[in-house]
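S.K.: One point on numbering: in the working numbering, the residue at position 230 of the sequence shown is 358, and numbering is uninterrupted. Where a beta carbon is used, it is the ideal one built from N, C-alpha and C, also for glycine. Quick one: this structure, given as structure tokens, is what I'll be asking you about.
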Amino acid sequence: MQKLSLLAVTVAVGATLIAKPGDQGSSVESTNVNARYTVESVSLAGSSSSAWKSRISTSLRSDLDRVIGEKLDHPYLEQLAARMKRELRVSNVAVRVTKGNAPDSVSVIFEVTPGHEQKFDIDVAKFLYHSDEGWSGEADITTRAAGNTFRFGVVSDSDSLVERFSGVRAKFERASLGTNRLGLSFEFDTFHNQWNPASAAAQPESPLDLYNDRQDYSPQLTLVLAQPLDWHFGVHFSRFRLSTPASRTESSNGVVSTLRYHPRWGSADDPRHPDDPEQELDASYSLESATRELGSDSVYTRHQIRARYRLHHLHNLVEIGFLAGKITGVAPLFNRFVLGNSSTLRGWNKYELDPLGGSRVMHGSIDYNYRFVQVFYDAGAIWDRRQDRGPKQSAGVGLRKDNFQLAVAFPLRAGRCEPVFFAGMNF
């Protein structure tokens, strides 16, 4: 009996120790000794580490920066390593933690193992059918070597500009030019142009000329002023052969500058805050000025402000867009503003609004998506003369999954309305 009593007491004491470890002077932190360390720095290691850092997304780069100053969280670091592996397309990204300079601090190092990196990427940037414009498509082949990116693409687009332009694009990019804050790019395009009958009919009454062929060359520098603020500046040279019996060639050469602000808040990949909304703002101001000093036949100044705000929470997605622009002087048709395509005034035909585009534009839109169901509303105006300014509105519904969209839109006006249908991918 005494032995049984002693055994019962022993079991009871053991159960108490297991159920209440805190009563013995331990703490939650003692079960995870790393939790008391503060992250002092985050870096990438391995060959071509500077090139890899320039290739990761702004969202991932921001999440890496936010780790600094926080308590060490190994599961979250492993999540970041997995995202980095997917974005860089490498065989492995390992997390290594070393002692920091300050007491109770550590440095986090992401060690990148290249492995068999994919040599070529094939991307379909646009594949779209529009009931008023027909088919548009663009595909690119991209390869990377020693921190350089080479891109070659083919395009046939009747959606973006007044005309349909078809041809090839070639682009070279170096994201890091001695420092991660400075990048360089060169782009060369050559296109053949086709015109809608409405544009051809309107041209004789306009000082603007139609053209058959166009070549563009654009060297630019990119300066990261402060994440997430970038400044792109350079020059743009265009040559185009006019659709006249003499087939005269003209030039449009100017300086270009774009200031872009692209912050993000929250992250769908952050396991610490899975229910936080993900927000994104992409805002830019662009200036292009063509001058005689650069040998330009056209002299004009083009201003454009563009912004898009995105809020994603659970199954809800809200996007708000804004566009405003002004041209002083006479710009060639490929630099004039357009409304009434797959992204602006989606219920209108752009050739009905202005078959030659406009020198003034104002546009706003709001899209709401619940799961894959989409509704949207657009309002805007495009004009040359103030007396011709007339605001238009449109609304539509559709299905949307990631970058694929199937939608029908209607112009909001009195009388008979012809719906506009479009489907495909438009990045």
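Check whether the Cβ atoms of residue 477 and residue 256 lie closer than 7 Å to each other.
M.R.: Result no, Cβ atoms of residue 477 and residue 256 do not sit closer than 7 Å.
S.K.: Less than 8 Å between the CB atoms is what I'm expecting for residue 430 and residue 416, so what's the real figure, rounded?
M.R.: About 4 Å separates the two Cβ atoms, so the contact holds.
S.K.: Could you tell me if residue 532 is buried or exposed, where buried requires 16 or more neighbouring beta carbons within 10 angstroms of its beta carbon?
M.R.: Burial call: exposed.
S.K.: My output table needs one value for residue 500: the three-state DSSP class, helix, strand or coil.
M.R.: Of the three classes helix, strand and coil, the one that applies to residue 500 here is coil, per DSSP.
S.K.: List in chain order: all unbroken alpha helix (DSSP H) runs of 4+ residues lying wholly within the region 186 to 211.
M.R.: Counting only runs of 4 or more, we get 186 to 195.
S.K.: List the DSSP bridge partners of residue 184.
M.R.: BP columns for residue 184 are empty, so no partner.
S.K.: With a threshold of 6 Å on Cβ separation, who are the neighbours of residue 277 within its own chain once the five nearest residues in sequence on each side are excluded?
M.R.: 301, listed in sequence order.
S.K.: Can you look up residue 416 in the DSSP assignment and give me helix, strand or coil?
M.R.: Note: residue 416 maps to strand in three-state DSSP.
S.K.: Is it right to say residue 157 is buried, meaning 16 or more other beta carbons lie within 10 angstroms of its own, or is it exposed?
M.R.: Here residue 157 scores only 35 on pLDDT, less than 50, and its place in the model should not be relied on; the value that follows carries that caveat. When all chains shown are included, residue 157 counts as exposed.
S.K.: Classify residue 376 as buried or exposed, calling it buried when 16 or more other Cβ atoms lie within 10 Å of its own Cβ.
M.R.: By the 10 Å Cβ count, residue 376 comes out exposed.
S.K.: Apart from the five residues on each side of it in sequence, which residues of its chain come closer than 8 Å, Cβ to Cβ, to residue 463?
M.R.: Closer than 8 Å at the Cβ level, and outside the excluded window around residue 463, lie 380, 416, 428, 430, 455.
S.K.: With H, G and I counted as helix, E and B as strand and the rest as coil, what does DSSP make of residue 335?
M.R.: Here residue 335 sits in coil by DSSP.
S.K.: Starting from the Cα of residue 287, find the closest Cα among 470, 351, 335, 484 and give me that residue.
M.R.: Taking only the C-alpha atoms, the option nearest residue 287 is 470.
S.K.: Would you decide whether residue 269 is buried or exposed? Buried here means 16 or more other CB atoms lie within 10 Å of its CB.
M.R.: By the 10 Å Cβ count, residue 269 comes out exposed.
S.K.: Within its chain, find whatever has a CB closer than 6 Å to the CB of residue 409; leave out the 5 residues flanking it on each side and keep chain order.
M.R.: The residues are 391, 437.
S.K.: Is residue 515 helix, strand or coil by DSSP?
M.R.: Of the three classes helix, strand and coil, the one that applies to residue 515 here is helix, per DSSP.
S.K.: Taking DSSP's pairing of strands, which residues face residue 389 in a bridge?
M.R.: Residue 389 pairs with 357, 411.
S.K.: Taking the runs of the alpha helix (DSSP H) that are 4 residues or longer, which of them lie wholly in the region 437 to 487?
M.R.: Fully enclosed alpha helix (DSSP H) runs of 4 or longer: 478 to 481.
S.K.: Quick check on the burial criterion: 16 or more other C-beta atoms within 10 angstroms. Buried or exposed for residue 226?
M.R.: The residue in question, residue 226, is exposed, as its Cβ has fewer than 16 Cβ neighbours within 10 Å.
S.K.: For residue 556 versus residue 188, is the C-beta distance shorter than 7 Å?
M.R.: Residue 556 lies beyond the residue range present for the chain, which begins at 129 and ends at 555; the question has no answer from this structure.
S.K.: Where do the N-terminal and C-terminal ends of the beta strand (DSSP E) with residue 542 fall, by residue?
M.R.: Segment: none, residue 542 is in no beta strand (DSSP E) and carries neither H nor E.
S.K.: Please name the residue, chosen from 352, 320, 186, that lies closest to residue 306 on a Cα-to-Cα basis.
M.R.: Of the candidates 352, 320, 186, the one whose C-alpha sits nearest the C-alpha of residue 306 is 352.
S.K.: Report buried or exposed for residue 354, applying the criterion of at least 16 other Cβ atoms within 10 angstroms of its Cβ.
M.R.: Burial call: exposed.
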